[in-house]
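In what follows, a single structure is set out as structure tokens and then discussed.
In the numbering used here, the protein residues as written are 937 to 1537.
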């Protein structure tokens, strides 16, 4: 959600009355629109500037506009002109806030009225869409309106409505979580499935039966073929039945019904692929094909019964485990992907500390070729849940990392003990070294540390004493372009001033405006809490520089994490000519440059 950007949601007066929000600035907001006869409304095109506007609006240039209530004109507003509607500043903010309120309320209502069994994968998806994640952004959006002379009362009404929606969202999440399967049952079921999956025999039998009907052997899916491999289908069906409280017989019946729905319609395409020895007699069948169908049906039905019994045996032998709390670092968060199904039950546990970007997402790609982003969080989980989750991800490097045990008074309704927060942050720094909480604890008007000042002085010396061509009296546009290009390629490094009165702030403003630097940038920062800091290099993109607040907006590479880095933590900023594409690490430890690394072009 971007502040100051007016968007027009699909509002109507019925929804506004249902939420009981009195916002005249939204209901009565008027803008100038034009139309021909009874056609669509369009945003007037400025005189002499027809480009970038709706082609139909351009034909209406010169026509006198009408003052129209936006809410009443939404149904007849041209889809190409929606993005060009400019509401008054205060009304635009309230409109955006109302849009977020309606969206969050719709999600909360949908979750509260959800039918069907409660599952942890569905809970993980609902948790990711919860209103709590947008709370800070909506409050920041409404903050300028709260003190407005005319719109302040309406701003407070919108804020109270948003707070109520957040509470309803959390209540719906809590009710869904209470109705979902218990963590003990889910962890035990996962452990049983993992134990059976470790047996190569189950995969061999499943593959042999799949080969008989063309699953997994280059024939593709469709045309009456099942969409899932047999063992995967049995595992998913048995897991769901057991998590929903069915007994052994009920789980077997449910798994048989699910497999029958898919495999009962399949036809044998390769008789030679059927497993040996045969379980049915060939006599009494009208043809070899008829015998093959009967044999295949008997084989997969026997597979379901045999391996469901094995799953039940493993479940009966699963130990309860300890309920003591411990920290668990979970990478590749949120747990909403299909391969996260057996880990989704971890979403119910309390998160300690912030979410940080995770660099391991660079190895995952979606069907459209774009890299998928993911985060990392620290959770406080029972030891038995951590043990089962770690065993399930034994083959996935650094997916889960176990932390230390928590004391009985480590987690309380009033908050977390300082030792717990410190341990959680230490785990998070193994994934990403700069935490917003560490910066917030620097206090008001902090100054750069001695370590930062020394590192800056070294960079200035290595950069050389020659002033940039851009600041020469005979400044030309070509010299400015060459200076910015050398900055983006890593041949010149920007170093902040140790005091607020130096020229470095204006230099960075020139380098980042009107367009931010291209390619991957290297940001050298001080990380950690004061007294135990370190130096790291972050890779990503520069979003902007706030000269008044002296804060740099930086987005970690290939993630949606936007960091606000204060200047007292920054050592230097430059491009990376060796890593112009989006390949490479998310961060690394800082090593001082060689004497000839930075050369002004």
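Where a beta carbon is used, it is the ideal one built from N, C-alpha and C, also for glycine.
Near residue 1060, which residues of its chain fall below 8 Å by C-beta distance, leaving aside the five closest residues on each side in sequence? 1270, 1271, 1272, 1276, 1280, 1283
Quick check: residue 1021 and residue 1006, are their CB atoms within less than 8 Å of each other? yes
Residue interval of the beta strand (DSSP E) (run including residue 1354): Note, residue 1354: premise wrong, no beta strand (DSSP E); alpha helix (DSSP H) at 1354-1365.
Considering only residues of the same chain and omitting the five flanking positions on each side of residue 944, which have a CB-CB separation below 8 Å? Any reading at residue 944 needs caution, since the residue's pLDDT is 45, under 50, leaving its predicted position unreliable; the model's value is listed next. The answer, listed in chain order, is 1006, 1010, 1013, 1018, 1021, 1031.
Closest to residue 1193 by C-alpha separation, out of 1241, 1086, 1213, would be which residue? 1241
Taking residue 1466 as the reference, which of 1044, 1447, 1383 has the closest Cα? 1383
Enumerate in chain order the residues of its own chain whose CB-to-CB distance from residue 1367 is below 6 Å, with the five nearest sequence positions on each side excluded. Cβ within range, chain order: 1292, 1294, 1312.
State buried or exposed for residue 1072, treating a residue as buried only when at least 16 other CB atoms are found within 10 Å of its CB. exposed
Near residue 1529, which residues of its chain fall below 6 Å by C-beta distance, leaving aside the five closest residues on each side in sequence? Counting only Cβ-Cβ distances below 6 Å, and skipping sequence neighbours, we find 1398.
Which ranges would you report for the beta strand (DSSP E) in the region 1234-1307 if only whole runs of at least 3 residues count? 1261-1269
Assuming residue 929 and residue 1120 form a contact by the criterion Cβ under 8 Å, report the distance between their Cβ atoms to the nearest whole angstrom. What is shown of the chain runs 937 to 1537, which leaves residue 929 out entirely.
If I'm right that residue 1476 touches residue 1490 with Cβ under 8 Å, what's the distance once you round it to whole angstroms? 6 Å
Report the residue from 1181, 1227, 974, 1237 whose alpha carbon sits nearest the alpha carbon of residue 1199. 1237
Enumerate, from N- to C-terminal direction, the unbroken alpha helix (DSSP H) stretches of 4 or more residues contained entirely within the region 1049-1085. 1056-1064, 1071-1082
So, using beta-carbon positions, are residue 962 and residue 1077 closer together than 8 Å? The answer is no: Cβ separation not under 8 Å.
Counting Cβ pairs, one atom from each stretch, are 3 or more of them under 8 Å apart for the region 1084-1092 and the region 1046-1064? Output reads no: the region 1046-1064 does not touch the region 1084-1092.
Alpha carbon to alpha carbon, how far is residue 1133 from residue 1025? Give it in angstroms, no decimals. The straight-line gap from Cα to Cα measures roughly 59 Å.
Proximity below 8 Å, CB of residue 1262 to CB of residue 1322: yes
Does DSSP put residue 1483 in a helix, a strand or coil? coil
Opening and closing residue of the alpha helix (DSSP H) in which residue 1441 lies: Looking at the DSSP string, the run of the alpha helix (DSSP H) that includes residue 1441 is 1440-1448.
Just to confirm the assignment, what range does the beta strand (DSSP E) spanning residue 1456 have? Residue 1456 -> no beta strand (DSSP E), and no H or E assigned at all.
Which residues in the same chain as residue 1526 place their Cβ atom closer than 6 Å to its Cβ, once the five residues preceding and following it in sequence are excluded? 1460, 1471, 1472, 1473
Could you compute how far the alpha carbon of residue 1040 sits from the alpha carbon of residue 1117? 26 Å
Check whether residue 1002 and residue 970 have beta carbons under 8 Å apart: Note that the C-beta distance between residue 1002 and residue 970 is below 8 Å.
Taking the Cβ atom as the reference point for each residue, do residue 1375 and residue 1288 lie within a distance shorter than 8 Å? no
Assign residue 922 to one of two classes, buried (16 or more other C-beta atoms within 10 Å of its C-beta) or exposed (fewer than that). In the structure as shown, the chain begins at 937 and stops at 1537. Residue 922 is therefore absent and cannot be evaluated.
Within its chain, find whatever has a CB closer than 8 Å to the CB of residue 1064; leave out the 5 residues flanking it on each side and keep chain order. 1270, 1272.
Could you pull the start and end residues of the beta strand (DSSP E) that residue 1318 belongs to? The continuous beta strand (DSSP E) containing residue 1318 extends over residues 1311-1318.
Express the C-alpha separation of residue 1380 and residue 1114 in angstroms, rounding to a whole number. 42 Å
Neighbourhood of residue 1543 by C-beta, 7 Å cutoff - its chain only, sequence neighbours within 5 removed: A question about residue 1543 goes unanswered here, because the residues of the chain that appear run from 937 up to 1537.
Roughly how many angstroms separate the alpha carbons of residue 1393 and residue 1501, rounded to a whole number? 20 Å
Nearest by alpha-carbon distance to residue 1062: which of 1109, 1081, 1103 is it? 1109
In this structure, does DSSP put residue 1523 in helix, strand or coil? strand
CB residue 1318 to CB residue 1258, shorter than 8 Å? yes
Confirm, please, whether the CB-CB distance from residue 1452 to residue 1479 is below 8 Å. yes
Based on Cα-Cα distance, which residue from 1203, 1188, 1232 lies nearest to residue 1244? 1188
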